[in-house]
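Chains A and B supply the protein sequences, listed in that same order.
The first sequence begins at 62 in the numbering used here and counts up by one.
The second sequence begins at 112 in the numbering used here and counts up by one.
Virtual Cβ for every residue (Gly too), placed ideally from N, Cα, C.
All values reported here derive from a predicted model rather than from experimental measurement.
One structure below.
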Amino acid sequence: MKYGGYAGKILRVNLSTGVIEQQDTRDYLPDWYGGRAMAARIAWDEIPQGTGAFDPESPLIILTGPLTGTAAPFSGRTTVCGISSQGYPVEWYSRSSFGGHWGPELKHAGFDGIVITGKASCPVFLKIENRICTIMDAGELWGTGIYLTQKKIMEQYGNDWRVFAIGPAGENRVRIAIAATETESASGQGGYGAVMGSKNLKAIAVHGTLPLTVAEPERFLEVCRLVRNEAHASHGWPHIPELDSDKVKKYGQRYQACTQGCAVRCYDARFYTTVPAVLQKGKRLSGQVDCIAGLFPGIEGTFYDWKLGFEAGFEIGQIANDEGLNHWEILVGLVPWLRYLRNDGEIEKIDGMEIDLDSPEFWSFLLRGISRREGEFRSALSEGTVRASKTLGIGGERLKQLFPAWGYAGHWDGHGDRINYVFFPYWIVSAMQWAVDTRDPISSAHGYGQNIMGWSRICSPEHGLSWDRIQKVSSKVYGSETCADPESAYAGKAFPAYWHGQRSVMKDSLTVGDQVFPRIYSRKTEDNFARAGDMDGPSFERHMFTSLTGIPWSDIDLNHASERVIQLERALLVRSFNRSRTDDESVIPYYERTEQQTNPHIGHAVAMDGDKFRKVMDEYYALRGWDRKMGRPSLETMKKFNLTEEAKQLGDRIVEKD
Amino acid sequence: MTRFTVRSDLCTGCLNCQAVCSLLHSGKHDRSASAIRVKLELFSGKHSHIFCRQCESPECRKACPVNAIYKDLQSRAWIINYDQCTGCGICVEACSYGAMFWHEIEGKPLKCDLCGGTPACMEACSFNVIIPAEENS
Chain A
62 MKYGGYAGKI LRVNLSTGVI EQQDTRDYLP DWYGGRAMAA RIAWDEIPQG
112 TGAFDPESPL IILTGPLTGT AAPFSGRTTV CGISSQGYPV EWYSRSSFGG
162 HWGPELKHAG FDGIVITGKA SCPVFLKIEN RICTIMDAGE LWGTGIYLTQ
212 KKIMEQYGND WRVFAIGPAG ENRVRIAIAA TETESASGQG GYGAVMGSKN
262 LKAIAVHGTL PLTVAEPERF LEVCRLVRNE AHASHGWPHI PELDSDKVKK
312 YGQRYQACTQ GCAVRCYDAR FYTTVPAVLQ KGKRLSGQVD CIAGLFPGIE
362 GTFYDWKLGF EAGFEIGQIA NDEGLNHWEI LVGLVPWLRY LRNDGEIEKI
412 DGMEIDLDSP EFWSFLLRGI SRREGEFRSA LSEGTVRASK TLGIGGERLK
462 QLFPAWGYAG HWDGHGDRIN YVFFPYWIVS AMQWAVDTRD PISSAHGYGQ
512 NIMGWSRICS PEHGLSWDRI QKVSSKVYGS ETCADPESAY AGKAFPAYWH
562 GQRSVMKDSL TVGDQVFPRI YSRKTEDNFA RAGDMDGPSF ERHMFTSLTG
612 IPWSDIDLNH ASERVIQLER ALLVRSFNRS RTDDESVIPY YERTEQQTNP
662 HIGHAVAMDG DKFRKVMDEY YALRGWDRKM GRPSLETMKK FNLTEEAKQL
712 GDRIVEKD
Chain B
112 MTRFTVRSDL CTGCLNCQAV CSLLHSGKHD RSASAIRVKL ELFSGKHSHI
162 FCRQCESPEC RKACPVNAIY KDLQSRAWII NYDQCTGCGI CVEACSYGAM
212 FWHEIEGKPL KCDLCGGTPA CMEACSFNVI IPAEENS
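Below you can see the structure in the form of structure tokens.
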């Protein structure tokens, strides 16, 4: 059966042999319905045990979803999966994603995704247009930044080509290397830029004019219209942001979609058309600033109070993008860690240069040195902050304040990440999500803590909701008002972590923007529960999916398929990396430190009670059908998700029942 | 509403206008079936748009050798009568705005029909980039 929304083929490229093949996407449909879901199936079937991130056999799996590039709002994203070079303590299977317009272009070029294995004998890039893929020489592009790489390819083939590329950091296998498109859309976390670099793959250029079919055009159009009109602002938050009038005049600040299909004014995404360079004197720069990149200038009165200023901060952010470095790691992990070490008197200089976070020259020296593996200290940092700490033998204690687990800096966790405001008990759900993941989980799990804080009157004094109303609305998805109660402590925290787990898979598989979905709270309905037409907010994604594809799934079906992905991913971690509860519990010491913000209902800052959190873990495992002792899917659970054959490969590492 | 204009300086590059236009008119996501086109400038941010101005005295109509382009009395949009259109493509060459497009697969020209008077692209644009044009502009 032909489903709507899909391009129909998956491109398979072996860079060692030069063999290019096309696989029918329907091999994975409807069960593994796109993006992260399809990648899990491919990874289970194809990644040999013991594969390292930089081994030629390590596949780089780049997949769109059925909604990608359609009229579905917020649907321009692409998911990247494979063995992560950033992963710690081991390189293991993980994921990342990026926005922009590349994924939609790939679909119009005839492909739902690309699976790349092998290693080219010299630098290459892939040229893909209307079902034809060619491996091209990238000798002249090697060594150039991500921006110039894109511009050179677009100059040669056309301004309407889209390019996903790596910079020097990826080429040099820097473990915090991104692969990116445009000026700010990166597969940022995971170190997949380094995986690309290890394959001598500089870029993937795509262009297409092929149409995508729609199962029910009228219904799909109407559902998209309703969902688009219901959306509020970028984080699903109640108040609509405005541009900064001074920056509009001075730097040409404007709204810019960080992903195709975005239909709201964003808090974070801003394009600047003309910013005078500080380091590159005489030049004027343009480009986008999204999300954490807004931290580069430094923010007075916060933990991140260095004084680069807007113009230098903008330039440094663009340098990081161009070199191909992970903004989150730099701003929330690496630089705060360096500042701790300097203030603690552990170090004064890096490779001969004094640590001065107010100096753009220092930032440039630091970042360019990391991406090019220059100097002993910066070369160590090229391995990521966590590995660098071990190599250099310094900063171990400070590391524990900034990095919850898996080699990633804090994020919506109430501890290491001090730019996002979340207090106890809401970060308990983040902690649970961190515990069972292989990376910073929040990339696709903003829906709980960010939503609650954003809708509270603490963060939104004028437009927010009362705690009572937040609890009532949230009970429609979590089944209990306790789950969002500011005085609930550990009670009711396992379920949101469980529920948002499936939602994360959904977002990374369909694909839709994490900052908007799932829609829960609203200012456009009397009871403040998001709703549009005949749809409840949490069902928006399913309605778009069914009317586009013709796959007649209910909410329960889509949820089940998404949870099945989590089971298969966990089984993969058990099979290949012996993942267990012991690993999950390794996040606990980080949270046993006192939180950074204070819940006014409690009146003092709180630290995690490890024993109580272990009970939350018990609850979570029970919901997942994982055995309490080892944290692994039981045979019964694997059967429930029709993964009986897969369970056989786990042998005695799983138990009969949870 | 009889015609619209586009404030390109406000465009965010979401491409929702193109997506809904092609979907409404072709039942697919077919870029070449969209009668509004956004030319993204990813590095300068200065996007531009190609769209029909619904000219008072349109070059496309004048150029058509079989008078296949007529004015819809209700929407006041210039419409292609495909029963008469021979697919010669002269109208595509004639439009000085480049807003008469050629659909390669279908082998026919296409232009904006204002969706009967309520343009879907305008509705889909969350940033009021596409707005009704002043009658005398």
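- Flag this pair as yes or no: are the beta carbons of Glu-152(A) and Ala-100(A) separated by less than 7 Å? no
- Exposed or buried, what is Val-483(A) when buried is set at 16 or more other beta-carbons lying within 10 Å of its beta-carbon? buried
- Taking the runs of the beta strand (DSSP E) that are 3 residues or longer, which of them lie wholly in the segment 87-126 of chain A? 121-124
- Query: How long is the line joining the alpha carbons of Met-112(B) and Ile-227(A), rounded to whole angstroms?
  - Reply: 47 Å
- Query: Would you say the segment 289-308 of chain A touches the segment 509-520 of chain A, given that touching needs at least three Cβ pairs under 8 Å?
  - Reply: yes
- Query: Among residues of its own chain, excluding the 5 on either side of Ile-237(A), which ones have a beta-carbon nearer than 7 Å to its beta-carbon?
  - Reply: Gln-147, Gly-252, Leu-386, Asn-387, Glu-390 and Gly-445
- Could you give the DSSP three-state label for Asp-305(A): helix, strand or coil? coil
- Query: Using a Cβ-Cβ distance under 7 Å, would Glu-216(A) count as near chain B?
  - Reply: no
- Of all Cβ atoms in chain D, is any one closer than 7 Å to the Cβ of Cys-319(A)? Here chain D cannot be found, since the structure's protein chains are A and B.
- Query: With C-beta atoms as the reference, is Tyr-333(A) less than 7 Å away from Tyr-312(A)?
  - Reply: yes
- Is Glu-717(A) helix, strand or coil by DSSP? coil
- Message: Measuring CB atoms only, is the segment 130-146 of chain B touching the segment 214-231 of chain B, in the sense that at least three cross pairs come out at less than 8 Å?
- Response: yes
- Item | Candidates Val-350(A), Tyr-487(A), Asp-419(A) and His-524(A): closest to Leu-370(A) by CA position | Note that residue 370(A) corresponds to Gly in the displayed sequence, not to Leu. Among Val-350(A), Tyr-487(A), Asp-419(A) and His-524(A), the Cα nearest to that of Gly-370(A) is on Asp-419(A).
- Length of the line joining the Cα atoms of Ile-241(B) and Ser-119(B): 8 Å
- What residues match up with Cys-194(A) in a beta bridge as DSSP calls it? Ile-189(A)
- Query: Which residue comes first and which comes last in the alpha helix (DSSP H) that contains His-169(A)?
  - Reply: 163-169
- Item | CB contact flag (Lys-168(A), Gly-130(A), <7 Å) | yes
- Beta carbon of Thr-572(A), beta carbon of Arg-138(A): below 7 Å? yes
- Message: For the segment 496-505 of chain A against the segment 469-488 of chain A, do three or more pairs of beta-carbon atoms, one drawn from each stretch, fall closer than 8 Å, so that the two count as touching?
- Response: yes
- Cα-Cα separation between Asn-703(A) and Cys-520(A), rounded to whole angstroms: 44 Å
- Quick one: is Lys-493(A) buried, meaning 16 or more other Cβ sit within 10 Å of its Cβ, or exposed? Contrary to the premise, residue 493(A) reads as Met rather than Lys in this sequence. That one is buried.
- Query: Between Glu-548(A), Lys-700(A) and Ser-119(A), which lies nearest to Leu-629(A) when the distance is taken from Cα to Cα?
  - Reply: Lys-700(A)
- Would you call the CB atoms of Pro-421(A) and Ile-360(A) closer than 7 Å? no
- Task: Inspect the CB distances between the segment 170-178 of chain B and the segment 199-214 of chain B and report whether three or more fall short of 8 Å.
- Result: yes
- Identify which residue in Met-567(A), Trp-528(A), Leu-428(A) and Glu-697(A) has its Cα closest to the Cα of Tyr-94(A). Met-567(A)
- Message: Beta carbons nearer than 7 Å to chain A: which residues of the segment 124-137 of chain B have them?
- Response: Gly-124, Cys-125, Leu-126, Asn-127, Ala-130, Val-131, Leu-134 and Leu-135
- Under 7 Å by beta carbon: chain A residues contacting Leu-221(B): Simply none; closest approach about 14 Å.
- Task: With a cut-off of 8 Å on the beta carbons, I'd call Arg-631(A) and Pro-694(A) a contact; round off their distance for me.
- Result: 6 Å
- Item | Span of the beta strand (DSSP E), counted from its first residue to its last, around Val-117(B) | 115-117
- Message: Can you pull the chain A neighbours of Glu-217(B), defined as C-beta to C-beta under 8 Å?
- Response: Under the 8 Å cutoff, chain A gives no residues; its nearest Cβ is about 10 Å from Glu-217(B).
- Query: In chain A, which residues lie with their C-beta within 7 Å of the C-beta of Asp-141(B)?
  - Reply: Pro-272
- Report the neighbours of Pro-302(A) on chain B: residues whose CB is nearer than 7 Å to its CB, in chain order. None at all; the shortest Cβ gap to chain B is about 13 Å.
- Item | Beta carbon proximity, Gly-209(B) to chain A, threshold 7 Å | no
- Would Ser-306(A) be called buried (16 or more neighbouring beta carbons within 10 Å of its own) or exposed? exposed
- Message: Per the DSSP calculation, Lys-219(B) is bridged to which residue(s)?
- Response: His-214(B)
- Message: Check whether chain A comes within 7 Å of Gly-156(B), counting only Cβ atoms and requiring the distance to be less than that.
- Response: yes
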